[in-house]
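Let me begin by presenting the structure, written as C-alpha cells, before commenting on it.
2 protein chains.
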Amino acid sequence: MNENYQINTNSMGFYQDLDHLDGMGLSAVSANLYQNKKRDDLVLFYFRKGASFASVYTQSNIKSENIKWNLNNSKEKIHALLVNTRNANAFTGKDGYKSINNIAYLLSDLLTKKQIEDEEEPKKIKIKNLLFASTGTIGEIFPEDKILDSIPHLINKIKYVQNKYIWVKSAMGILTTDTKPKISMEECKIAGTKVKIYGVAKGSGMIYPDMATTLGFVFTDAKIGGNILKKLLKKNIQNTFNAISCDGDTSTNDMVSIFSTGYVNHKELRTVKDAALQEFDKSLNVVLKNLAKSVAADGEGASKFVTIRVEKCKNENDAKKICFSIANSPLVKTAIAGQDPNWGRIIMAIGKAKVKINLKKLNINIGQFKVIENGKISSHYKENDVANYMKSSEIIINVQLGNGNKEFEVYTMDLTKKYIEINADYRS
Amino acid sequence: MNENYQINTNSMGFYQDLDHLDGMGLSAVSANLYQNKKRDDLVLFYFRKGASFASVYTQSNIKSENIKWNLNNSKEKIHALLVNTRNANAFTGKDGYKSINNIAYLLSDLLTKKQIEDEEEPKKIKIKNLLFASTGTIGEIFPEDKILDSIPHLINKIKYVQNKYIWVKSAMGILTTDTKPKISMEECKIAGTKVKIYGVAKGSGMIYPDMATTLGFVFTDAKIGGNILKKLLKKNIQNTFNAISCDGDTSTNDMVSIFSTGYVNHKELRTVKDAALQEFDKSLNVVLKNLAKSVAADGEGASKFVTIRVEKCKNENDAKKICFSIANSPLVKTAIAGQDPNWGRIIMAIGKAKVKINLKKLNINIGQFKVIENGKISSHYKENDVANYMKSSEIIINVQLGNGNKEFEVYTMDLTKKYIEINADYRS
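In order, the protein sequence lines correspond to chains G and C. Using our numbering, the letters of the first sequence correspond one by one to residues 1 to 428. Using our numbering, the letters of the second sequence correspond one by one to residues 1001 to 1428.
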C-alpha cells in the first residue's frame, strides 16, 4: 500500500470507511504486472452465493477484449469480478480474448474447489458466472501467464470478513495513475430493513501508455434482481458517471457495474417502481455520484474541482449540452487553472453548444457572485471579488437559461500545465 | 509593422507576395484601440465600384453585434469592409449594435464624398453597402468614439494601388495575438482570361481577453455574381476553414467572406456549374486552404503543424467525424507535443468517434511509417523510427477504414504547455 496514503482522508471529503458486506469475499495481490514497482495489480471481488448484477460498458466503437468477453458471456449470476491493472487488453485481438477465456476457465475451476471447501451448498462456478475488468496500456500483449500464475494465491487470500483496510487495499489495487483510492458508501432501508451500498472506483489515469479508463463497482447486500439492478443503474448513471468530464476522451475499457449479494432478508421487490426501493435508489445515486466526483477531482493534473450547473432550461438535454460544452472547453478550463474569472469564455462555450439561447434571459453566477444578469453584466459584478473566489479549490459555475425548469450538473476539473506534463513529457 | 516580421517567410511556407488588385483600395491605421502599444487596429478594404460578395458567419448561438448587423443589413454590393481588432463587440447588446450603426453612417457619408472626389461615375454609398468584422475582447464597451475619430484618417490613407507592403500592413492590422500575418494568393484563368485571387486571414489568438476568432477575407478581380460566389464559398469552406481545429472552441465573431470587384473582362458566368469556373474553383480552394492551414499552424502555443487524413471511408461524414475526434483529443495532441508515437491514443479517438469500425480493416500510418495494418501492429513497425519522425515540425497521421473510397483531411496543432501558459497564466 502506498505509504503516503492516509486512511479516511481525501481532498474531496468523499472518503468513507467501508466495513463488512455479507456474501462477499475480497482479495488483492501483486501479479508483478508492473515491472519496476511491486504493487497490488490483481483484485478479486468474490460473491460466495453469487450475485445478481448489472453492468454498463464504454460507448466506444473500439472495445477492449475483456469487455467483448463480458458482453458475450456474463449473463447469469456473477460469482466473481476479476480486475487487473497495467494492461487494458485492448487492441490485442483474438489472443487477448483467448487469454480472458483461459483465465476464466482456471478461475472457475479453482473457485468451484473453493466452494466445495467453504460452502454448505457449494455451486459449480462456470465461466459465464465471471466478469472481467482491465485497465492500463493498450496494444501490449496481455500478461495471461502472470495472471494465471497468481490466481491460486489470489483465491487463497480471499477475505470473507472485510474491514476498511481490505477495502482500501482492493480500491488501490484497481488504480493506475490515480493519486487516491476512490471509495464511497451509504446505508439505507428497504421497507424498514437496513442494507448497505458500497462502492469503489478508479479514474482518469492517462499517463502514457495508460488510458482514461473509468471503472466503478458497487456492491450491496440487498436482494435485488438483475432486471431491477439494470434499470437502477441505467437511471442513476446519467447524472453520476455520465456527468463527469475530464478531457472529453473516452476509453476502450470503461465499465460500471452493480452487484447484489442478496444476503439481507427484506420485502421482496418485483419492479423498479416498488416504493420500498425509493430510499435505495437515492442512496445508490449518492454512492455513484461520490465515486464519479472523486474521479473528476482526481483527474490528471487537476488543481481545482469544478461543478458546472445549468438550470432553468426547456429540457434536460439542453442543460446537458451546455454543461458539457463548458466542461470540455480548453479555454474555460485553462481560465479556471489561471484563477481568472473569464466569463467571456463561458459565454463562448454556451454559444457553441447548439442550444437556442434568449440572451435577455441568461444569468451566469460564479460561486455566489452574479456575473451576468438578464444578458448583461450584473450591476453587482466586481471582478476582484470573483477573482478572489477563483482561488478556491472548488469552483461552481451556474448558468440559467430562463426558459424552463429543467437542469443538469456536470463535474470536471481545470486544465493545467501538469496535465500536459503528465501526458506529453512522460516519455520524452 | 512588427520589426521581427520578415516579408515572404513563414514557418509553413504559405506566405506569398500580393500585388495590386484592380478595383480595390486598402488602408490600415491605428485608432489607439490597444492602450499599451501603438499598432494598426483598424483596416479598410474598399471597393471603388463595389463588389459582389458572399459571407459565412459563426455557427455559435451567441453572435457578436457586428455579425448581427451584417446579417440584417449587408445584402447588396459591398463598397467597404471595415475590420477592427482589440474589441469583439460581442455581448455588448443594443449599445454595441448602435455603435456599428453610427460608424456605418459616418463611413457611408465619407466614402460617398470620396466617390465624388475620385470616381468618374460616383455612387452614393449606403450603410447596406458596408460590412463589418470585429475581433478581440468580448463584453467590453465597444470603442465607438475612437473608431469614429479615426475614420477620416483611415479613408484619407486609402491606397488605390497596392503592393506587398500595404497588403502585409493590412494583414497585420487585423491580427490579435497571432504571431504571423496570414496571406495567400493564386492566379488562374476564366475562359482564357487571367484573374487574381488574394486572401488574408487571422487566427487563433486566444489570450485573455481575446477569443479564438477566425477571420478570412478573399478578394478577386474576376466578375462573379453574389449567388455564384455564395455557392463557391459554401462549397470550398468545407475542406478549408471548416477543416481546421485548434482547440474545438468556437468564437462569437468567426467570419469568412469573398469579394469580387469585377474589373476583369472575361466570359460572362451564369451558373456555378459553368466549366469556365473550374480553374477558379480550384484556385479559390488553394487560397482558402493555405489561409486555413496557416491559421492552424499559428494556433496558440503550437510547436507542430498536424495533418489528420482519414481515407477509405463509406462516406465523407464518417471520415470527418474521425478526423475531428483525433484533432480535438487532448490526449492525442499532448502526445504529439511530447513527440510520442502513442498510437493507442489515436485508436481511442477513432473508437469514440461514433463511426462503425471494422477493426480487421483498420490501417494507421504516422508519416510514411505503417503502424497498424489490418487491425494489428504492423510487422514493419519500429517504435524508434516513428519516435524520430515525431520530432518533425509537421506531423501527418493517416487513417484508413477500408470500407469505402471517401476521405477528409483536417489541420490542427499540438497541445503544449505554452497553450496553457498563454490561456491560464496571462493575467495571474
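Backbone N, C-alpha and C fix where the C-beta goes; we use that ideal spot for every residue, glycine too.
Original post:
Excluding five sequence neighbours on each side, which residues of the same chain lie with their C-beta closer than 8 Å to the C-beta of C/Asp1210?
Top reply: Residue placement at C/Asp1210 is flagged as unreliable, the pLDDT there being 40, under the threshold of 50; the coordinate-derived value follows with that caveat. Same-chain partners within the cutoff: Ala1088, Thr1135, Gly1136, Thr1137, Thr1176, Thr1177.
**OP:** Determine whether the Cβ of G/Ser379 lies closer than 7 Å to any Cβ atom of chain C.
**Re:** no
Subject >> Cβ-Cβ separation, G/Ile224 to G/Leu269 (assumed contact under 8 Å), whole Å >> reply: 6 Å
Subject >> Coarse secondary structure for G/Thr412, derived from DSSP in three states >> reply: strand
Original post:
Using the beta-carbon of each residue, which ones in chain G are nearer than 8 Å to C/Val1355?
Top reply: Asn61
Original post:
With which residues is C/Leu1082 paired in a DSSP beta bridge?
Top reply: C/Leu1044, C/Phe1132
Original post:
Closest by CA to G/Glu279, which one among G/Tyr381, G/Tyr263, G/Gly192?
Top reply: G/Gly192
**OP:** With 9 Å as the C-beta to C-beta threshold (strictly closer), list the residues of the region 1085-1114 of chain C near chain G in chain order.
**Re:** Ala1088, Ala1090, Phe1091, Gly1093
Original post:
Closest Cβ-Cβ distance between C/Ile1420 and chain G: below 7 Å?
Top reply: yes
Original post:
Which first and last residues belong to the beta strand (DSSP E) in which C/Lys1360 is found?
Top reply: No beta strand (DSSP E) contains C/Lys1360, which DSSP labels as neither H nor E.
Subject >> Nearest-angstrom Cα separation, counted from C/Leu1044 out to C/Met1206 >> reply: Low confidence applies here, because C/Met1206 scores a pLDDT of 42, under 50, leaving its location unreliable and the question unanswered by this model.
**OP:** Could you name the residues of the same chain whose beta carbon sits closer than 8 Å to that of G/Leu215, not counting the 5 residues immediately before and after it, in chain order?
**Re:** Val83, Ala133, Thr135, Ile174, Ala201, Lys202, Asn253, Asp254, Met255, Val256
Original post:
Interface residues of chain G around C/Lys1376 at Cβ under 9 Å?
Top reply: Phe91, Gly93
**OP:** Using only alpha-carbon positions, find the residue among G/Lys38, G/Lys63, G/Val264, G/Asn32 that is nearest to G/Glu213.
**Re:** For clarity, residue 213 of chain G is Thr in the given sequence; the question names Glu instead. When each option's Cα is compared against that of G/Thr213, the closest is G/Lys63.
Subject >> Cα-Cα separation, C/Leu1033 to G/Leu232 >> reply: 58 Å
Subject >> Closest Cα partner of G/Met390 within the set G/Ser303, G/Glu311, G/Val310, G/Asn317 >> reply: G/Ser303
Original post:
What's the gap between the Cα of G/Tyr105 and the Cα of C/Gly1375?
Top reply: 27 Å
Original post:
To which residues of the same chain is C/Asn1236 closer than 6 Å at the C-beta, ignoring the five residues directly before and after it?
Top reply: Leu1284, Asn1285, Leu1288
**OP:** Determine, using beta carbons only, whether C/Ile1366 and C/Ile1397 come nearer to each other than 7 Å.
**Re:** yes
Subject >> Cβ neighbours of C/Ile1103 in the same chain (closer than 8 Å, five flanking residues each side left out) >> reply: Leu1082, Phe1132, Glu1144, Ile1147, Leu1148, Ile1151
Subject >> Reference C/Glu1300, options C/Ile1372, C/Thr1179, C/Val1168, closest by Cα >> reply: C/Thr1179
Subject >> Run of the alpha helix (DSSP H) containing G/Phe401, from where it starts to where it stops >> reply: As written in the sequence, residue 401 of chain G is Leu, which differs from the Phe given in the question. Per DSSP, G/Leu401 belongs to no alpha helix (DSSP H) and is neither H nor E.
**OP:** Express the C-alpha separation of C/Leu1415 and C/Ile1336 in angstroms, rounding to a whole number.
**Re:** 8 Å
Original post:
Taking the alpha helix (DSSP H) that G/Ser283 falls in, what are its first and last residues?
Top reply: 278-297
Original post:
Roughly how many whole angstroms lie between the Cα atoms of G/Val332 and G/Ile346?
Top reply: 6 Å
Original post:
What residue does the alpha helix (DSSP H) around G/Leu233 start on, and which one ends it?
Top reply: 226-237
Subject >> chain G contact for C/Thr1334 (CB, 7 Å cutoff) >> reply: yes
Original post:
Exposed or buried, what is G/Thr271 when buried is set at 16 or more other beta-carbons lying within 10 Å of its beta-carbon?
Top reply: exposed
Subject >> CB of G/Phe241 within 7 Å of CB of G/Cys323, strictly >> reply: no
**OP:** Give the straight-line distance between the Cα atoms of G/Ala349 and G/Val161, rounded to the nearest whole angstrom.
**Re:** 50 Å
Subject >> As assigned by DSSP and simplified to three states, the class of C/Glu1421 >> reply: helix
Original post:
Would you call the CB atoms of C/Ile1244 and C/Ala1297 closer than 7 Å?
Top reply: no
Original post:
The alpha helix (DSSP H) with C/Glu1117 in it runs from where to where?
Top reply: 1093-1118
Original post:
Near C/Glu1140, which residues of its chain fall below 7 Å by C-beta distance, leaving aside the five closest residues on each side in sequence?
Top reply: Asn1087
**OP:** Let me know if C/Asn1328 comes out buried or exposed under the rule of 16 or more other beta-carbons within 10 Å of its beta-carbon.
**Re:** buried
Original post:
According to a CB-to-CB cut-off of less than 8 Å, which residues of the region 358-371 of chain G neighbour chain C?
Top reply: Leu359
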